[in-house]
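Take a look at the structure below.
Chains as they are written, first to last, in this note's numbering: chain A, 5 to 60; chain B, 44 to 502.
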């Protein structure tokens with residue numbers, strides 16, 4: 005449900021209270037955060053290997 | 044008269060509501076507080092393995108430990124929690140007898156975009172349960188981390204940590220630490236404090252990785268004899284071990300199901316995750332006696348503070364499966380046995396060419412298996428699960444559980460590290476290892492001004 009902007013009153017909220025509840029954005033943000041994790045590992049691995057170049 | 048009865052009923056209803064609210068707040072707070080306590084485990088592992096590293100590798104060891112913790116949380120949120128609820132009956136994803144498992148159930152409560160996996164005013168349980176389990180997951184990664192110090196690549200290690208913490212141990216937990224788990228319902232496996240499904244899985248996962256990773260340069264001589272590679276700071280290592288032990292009180296506290304909620308086993312008493320009764324007093328008795336037994340056993344064999352502190356941890360692990368039902372004197376004896384076999388078991392591993400820098404395979408793997416099997420020796424016939432006709436604990440069942448836990452660690456650890464090795468992502472180049480990993484890849488220095496030696500006493 006998220007925040008009920010029509011009534012602007014938290015008292016009527018009885019369940020999910022996060023942004024985008026009931027819509028597609030939670031899935032979208034989950035996907036983006038997973039992509040961020042994979043990208044961080046990819047970039048981190050490339051950087052790490054570049055640092056090893058001088059020691060091979 | 045009728046008015047008075049109505050007023051009384053209203054007062055009873057109000058009191059019931061207040062009692063219910065208090066119980067819900069207690070339950071949520073109980074698990075919430077277990078989370079920072081378990082973070083102490085990670086503070087401990089951080090200190091432990093940085094102390095066990097040489098000065099040239101201190102921060103590199105710390106970085107990979109911190110990163111494993113950080114990556115464990117989102118990956119456990121993405122799929123680890125789903126695996127715990129989806130896998131209990133095996134690989135069929137069907138619902139078990141209690142009805143809180145299977146693919147459909149897991150998808151309804153544990154996919155990261157469902158309403159229970161975020162702030163929800165009607166749900167005071169999911170977030171704190173998930174948080175506690177995420178800490179268990181991060182613990183497995185930290186257990187593995189120390190064994191691999193001073194020669195593993197950072198990103199390769201993080202990938203291994205994700206496989207262990209968000210997959211391998213979670214499958215073990217689904218099978219052996221869930222009321223619908225097939226190891227529990229079919230074999231009567233009982234592992235209250237996760238000696239097998241956390242410690243043994245993590246310890247043997249580390250062994251699988253160590254086989255492919257190989258020893259540190261200089262660890263073994265040409266004739267196969269081993270050299271001791273001392274860490275740079277034994278006091279830091281010992282303090283780290285004590286922090287781990289403090290954190291395990293939170294870990295074991297979180298293994299208890301509190302009463303009085305819709306998801307509780309009982310309205311009026313604590314239960315294990317299997318629904319069998321337990322008290323926090325049982326933990327008070329047996330954890331402390333286990334700590335003492337392990338320490339004294341290790342002291343008797345080694346007189347070495349490293350092994351004494353490891354013995355204290357091993358004492359908890361050895362008794363963890365049955366902390367709910369051991370008699371404290373027996374818990375002491377089981378833990379004492381763990382302390383006695385600890386250092387010889389580590390030596391045996393070393394003689395086979397395995398360089399486990401902190402003894403993690405022995406302390407967590409070997410002693411975890413010892414603890415699971417020991418419960419089968421002493422507790423045969425006790426109910427493994429709550430309910431009429433529930434399976435009972437048996438030696439055969441515990442041995443089956445121990446073998447499954449061992450394989451759930453060893454096989455993925457070996458296979459994934461082999462793949463990483465083939466991809467060139469497992470071991471650092473020899474030149475970098477000899478130079479030291481901190482100057483090669485860490486942006487800051489552990490001791491930029493060095494560590495001054497003690498001044499000689501005045502003549």
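For every residue, glycine included, the Cβ atom is placed at its ideal position computed from N, Cα and C.
Beta-carbon gap between residue i and residue j smaller than 8 Å
{"i": "residue 453/B", "j": "residue 364/B", "result": "no"}
{"i": "residue 480/B", "j": "residue 108/B", "result": "no"}
{"i": "residue 256/B", "j": "residue 470/B", "result": "yes"}
{"i": "residue 360/B", "j": "residue 238/B", "result": "yes"}
{"i": "residue 385/B", "j": "residue 342/B", "result": "no"}
{"i": "residue 245/B", "j": "residue 85/B", "result": "no"}
{"i": "residue 404/B", "j": "residue 444/B", "result": "no"}
{"i": "residue 87/B", "j": "residue 286/B", "result": "yes"}
{"i": "residue 201/B", "j": "residue 35/A", "result": "no"}
{"i": "residue 340/B", "j": "residue 291/B", "result": "no"}
{"i": "residue 141/B", "j": "residue 223/B", "result": "yes"}
{"i": "residue 382/B", "j": "residue 337/B", "result": "yes"}
{"i": "residue 56/A", "j": "residue 482/B", "result": "no"}
{"i": "residue 129/B", "j": "residue 119/B", "result": "no"}
{"i": "residue 182/B", "j": "residue 241/B", "result": "yes"}
{"i": "residue 22/A", "j": "residue 474/B", "result": "no"}
{"i": "residue 251/B", "j": "residue 460/B", "result": "yes"}
{"i": "residue 399/B", "j": "residue 262/B", "result": "no"}
{"i": "residue 283/B", "j": "residue 90/B", "result": "yes"}
{"i": "residue 145/B", "j": "residue 138/B", "result": "yes"}
{"i": "residue 216/B", "j": "residue 127/B", "result": "yes"}
{"i": "residue 260/B", "j": "residue 476/B", "result": "yes"}
Rounded C-alpha distance that separates residue i from residue j
{"i": "residue 316/B", "j": "residue 299/B", "result": "6 Å"}
{"i": "residue 289/B", "j": "residue 229/B", "result": "34 Å"}
{"i": "residue 7/A", "j": "residue 98/B", "result": "53 Å"}
{"i": "residue 57/B", "j": "residue 39/A", "result": "49 Å"}
{"i": "residue 218/B", "j": "residue 234/B", "result": "11 Å"}
{"i": "residue 121/B", "j": "residue 28/A", "result": "16 Å"}
{"i": "residue 393/B", "j": "residue 167/B", "result": "48 Å"}
{"i": "residue 9/A", "j": "residue 64/B", "result": "28 Å"}
{"i": "residue 488/B", "j": "residue 110/B", "result": "18 Å"}
{"i": "residue 440/B", "j": "residue 375/B", "result": "23 Å"}
{"i": "residue 502/B", "j": "residue 104/B", "result": "The pLDDT assigned to residue 502/B is 48, lower than 50, so where the model puts this residue is not dependable, and the model offers no usable value."}
{"i": "residue 50/A", "j": "residue 193/B", "result": "20 Å"}
{"i": "residue 373/B", "j": "residue 324/B", "result": "16 Å"}
{"i": "residue 312/B", "j": "residue 303/B", "result": "8 Å"}
{"i": "residue 421/B", "j": "residue 388/B", "result": "23 Å"}
{"i": "residue 272/B", "j": "residue 347/B", "result": "15 Å"}
{"i": "residue 123/B", "j": "residue 198/B", "result": "20 Å"}
{"i": "residue 184/B", "j": "residue 50/B", "result": "57 Å"}
{"i": "residue 423/B", "j": "residue 125/B", "result": "32 Å"}
{"i": "residue 96/B", "j": "residue 497/B", "result": "21 Å"}
{"i": "residue 491/B", "j": "residue 102/B", "result": "12 Å"}
{"i": "residue 54/B", "j": "residue 310/B", "result": "21 Å"}
{"i": "residue 67/B", "j": "residue 402/B", "result": "41 Å"}
{"i": "residue 160/B", "j": "residue 318/B", "result": "24 Å"}
Beta-bridge partners of residue i, as assigned by DSSP
{"i": "residue 268/B", "result": "Paired residues: none, contrary to the question."}
{"i": "residue 426/B", "result": "435/B"}
{"i": "residue 320/B", "result": "314/B"}
{"i": "residue 300/B", "result": "314/B"}
{"i": "residue 263/B", "result": "269/B"}
{"i": "residue 470/B", "result": "195/B"}
Residue span of the alpha helix (DSSP H) that contains residue i, given as start and end
{"i": "residue 214/B", "result": "212-219"}
{"i": "residue 91/B", "result": "45-94"}
{"i": "residue 170/B", "result": "169-190"}
{"i": "residue 196/B", "result": "That residue, residue 196/B, is in no alpha helix (DSSP H); it is neither H nor E in DSSP."}
{"i": "residue 160/B", "result": "Neither: residue 160/B is in no alpha helix (DSSP H) and is coded neither H nor E."}
{"i": "residue 118/B", "result": "101-118"}
{"i": "residue 10/A", "result": "Per DSSP, residue 10/A belongs to no alpha helix (DSSP H) and is neither H nor E."}
{"i": "residue 131/B", "result": "It is not in any alpha helix (DSSP H) - residue 131/B carries neither H nor E in the DSSP assignment."}
{"i": "residue 21/A", "result": "From DSSP, residue 21/A is part of no alpha helix (DSSP H); its letter is neither H nor E."}
{"i": "residue 352/B", "result": "348-363"}
{"i": "residue 387/B", "result": "371-394"}
{"i": "residue 482/B", "result": "480-484"}
{"i": "residue 53/A", "result": "29-56"}
{"i": "residue 244/B", "result": "244-256"}
{"i": "residue 230/B", "result": "225-230"}
Whole-angstrom C-beta distance between residue j and residue i, which should lie under 8 Å
{"i": "residue 6/B", "j": "residue 209/B", "result": "What the structure shows of chain B is the stretch from 44 to 502, and residue 6/B is not part of that stretch, so it cannot be assessed."}
{"i": "residue 329/B", "j": "residue 94/B", "result": "The pair is not a contact, with the Cβ atoms about 29 Å apart (cut-off 8 Å)."}
{"i": "residue 20/B", "j": "residue 456/B", "result": "Residue coverage of chain B in this structure runs from 44 to 502, which leaves residue 20/B outside it and unanswerable."}
{"i": "residue 436/B", "j": "residue 425/B", "result": "5 Å"}
{"i": "residue 214/B", "j": "residue 451/B", "result": "6 Å"}
{"i": "residue 187/B", "j": "residue 203/B", "result": "7 Å"}
{"i": "residue 175/B", "j": "residue 78/B", "result": "6 Å"}
{"i": "residue 41/A", "j": "residue 155/B", "result": "So it is not a contact: roughly 12 Å between Cβ atoms."}
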